[in-house]
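A short worksheet on the structure shown next.
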Amino acid sequence: MFTVKNKLRSLSYWFYYGYIILVLIFTAGPLLVTFILAFNDSPTASFPWQGFTLDWFFSNTPDREGLFNDPRMMSAIGVSLKVAVAVTVISILLGINNAFLFVREKFVGKGFLYMLMLGPLVVPGVVLGTSILSFSHSLANSLDMALGAGAGTFLRPGFWLVVLGQVSFVATTTTLVITARLRKFDQSLEEAAMDLGSTRAQAIMSITLRFLTPAIVGAAIVAFLFSFENFNTTYFLSGPADSTTIPIILYSKLRFGLTPQINAVSVVLMVSTGILGLIAFLFQKGDEA
Numbered sequence: 283m284f285t286v287k288n289k290l291r292s293l294s295y296w297f298y299y300g301y302i303i304l305v306l307i308f309t310a311g312p313l314l315v316t317f318i319l320a321f322n323d324s325p326t327a328s329f330p331w332q333g334f335t336l337d338w339f340f341s342n343t344p345d346r347e348g349l350f351n352d353p354r355m356m357s358a359i360g361v362s363l364k365v366a367v368a369v370t371v372i373s374i375l376l377g378i379n380n381a382f383l384f385v386r387e388k389f390v391g392k393g394f395l396y397m398l399m400l401g402p403l404v405v406p407g408v409v410l411g412t413s414i415l416s417f418s419h420s421l422a423n424s425l426d427m428a429l430g431a432g433a434g435t436f437l438r439p440g441f442w443l444v445v446l447g448q449v450s451f452v453a454t455t456t457t458l459v460i461t462a463r464l465r466k467f468d469q470s471l472e473e474a475a476m477d478l479g480s481t482r483a484q485a486i487m488s489i490t491l492r493f494l495t496p497a498i499v500g501a502a503i504v505a506f507l508f509s510f511e512n513f514n515t516t517y518f519l520s521g522p523a524d525s526t527t528i529p530i531i532l533y534s535k536l537r538f539g540l541t542p543q544i545n546a547v548s549v550v551l552m553v554s555t556g557i558l559g560l561i562a563f564l565f566q567k568g569d570e571a
């Protein structure tokens, strides 16, 4: 009996560690291959290994145009950064206000409004993008008719419509993160500050927002990453070159096949994402300490 139990236990260990290995291969394997091929001295994005090179990042020759010498790629990265910064700032401001609204205020329909806010998280990005495009197009036409041609330009496909479209779901995430932190706050600290002569605004700015800082920083990093890598919603709302983000450029290039330059872009995005994640982790650990 003891031997049978040992065998079953040994078998369960094998299954357990085998499962972990399979998960690692499935999740980390593609990233590792992409990372290696970005430095492979081969005109095709495939093995075998032909030597180390940085050409796919820095080369500026006709047959090997590196990432940092490709005007379209660099322009798309710049647009993605601008969109992500705008979305992050707006979403954080909305998240802070929404957190105070749902935690501090009592009003009729509060539960319904909260559930409505969660809607963009469960709606597929394609549906969200087409819905926003349809609504904004109708509203832009109405503004043009009422106020004159060009009044609804900001609601046409372009930079600001991409920003507004992304804010519609990113702000939900920032709201959830900041709300969770605000629920842990002891409101008597604000009351004590006001008893000592501070106004309510001063108490919130100096005590409450300081308490919320870790959540705000974490939410900002998440918002930035969500915005920077978003494709489904952005694809339907982008227009001219000033709203073409890096995921859209990558999609257009992938239709003609995988290239080493695309691997180079992927490496840059992986490293950047990893650095931001590390910053968020260190900031959180520092706050706990």
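For the sequence shown, my numbering assigns the number 283 to the initial residue and increments by one for each residue that follows. Heads up, the beta-carbon is just placed ideally off N, CA and C, and yes, glycines get one too.
| message | Between which residues of its own chain and Met283 is the CB-CB distance below 6 Å, once the five residues before and five after are set aside? | response | Residue confidence for Met283 is low, a pLDDT of 49 falling below 50, so the modelled location carries little weight; the figure read from the coordinates is stated next. So no residue of the chain qualifies.
Per-residue burial, Met355 [other beta carbons within 10 Å of its own, 16 or more giving buried]: buried
Cα-Cα separation between Gln448 and Asn342, rounded to whole angstroms: 34 Å
With H, G and I counted as helix, E and B as strand and the rest as coil, what does DSSP make of Phe389? coil
| request: Buried or exposed for Thr456, please, with buried defined as at least 16 other CB atoms from any protein chain shown within 10 angstroms of its CB. | output: buried
Next item on the list: Assign Phe573 to one of three DSSP states: helix, strand, or coil.
Entry: The structure shown does not extend to residue 573, since the chain is modelled only from 283 through 571, so no value can be given for it.
For Thr316, the three-state DSSP class (helix, strand or coil)
helix
Discussion item. Helix, strand or coil, according to DSSP, for Tyr298 in the structure here?
Written reply: helix
Check: Given that a residue counts as buried once 16 or more other Cβ atoms are within 10 Å of its Cβ, and exposed if not, what is Val444?
Finding: buried
- Query: DSSP on Asn380, reduced to helix/strand/coil?
  - Reply: helix
* Taking Cβ to Cβ, would you say Asp323 is nearer than 7 Å to Gln332? -> yes
From Thr515, Pro439 and Phe451, residue whose alpha carbon lies closest to that of Ala523:
When each option's Cα is compared against that of Ala523, the closest is Pro439.
- On the DSSP bridge assignment, give the partners of Arg465 in chain order. Per DSSP, none; premise fails for Arg465.
message: With a threshold of 8 Å, are at least 3 pairs of Cβ atoms found where one atom belongs to the segment 507–516 and the other to the segment 471–482?
response: no
Express the C-alpha separation of Pro402 and Arg465 in angstroms, rounding to a whole number. Approximately 23 Å between the Cα atoms of the pair.
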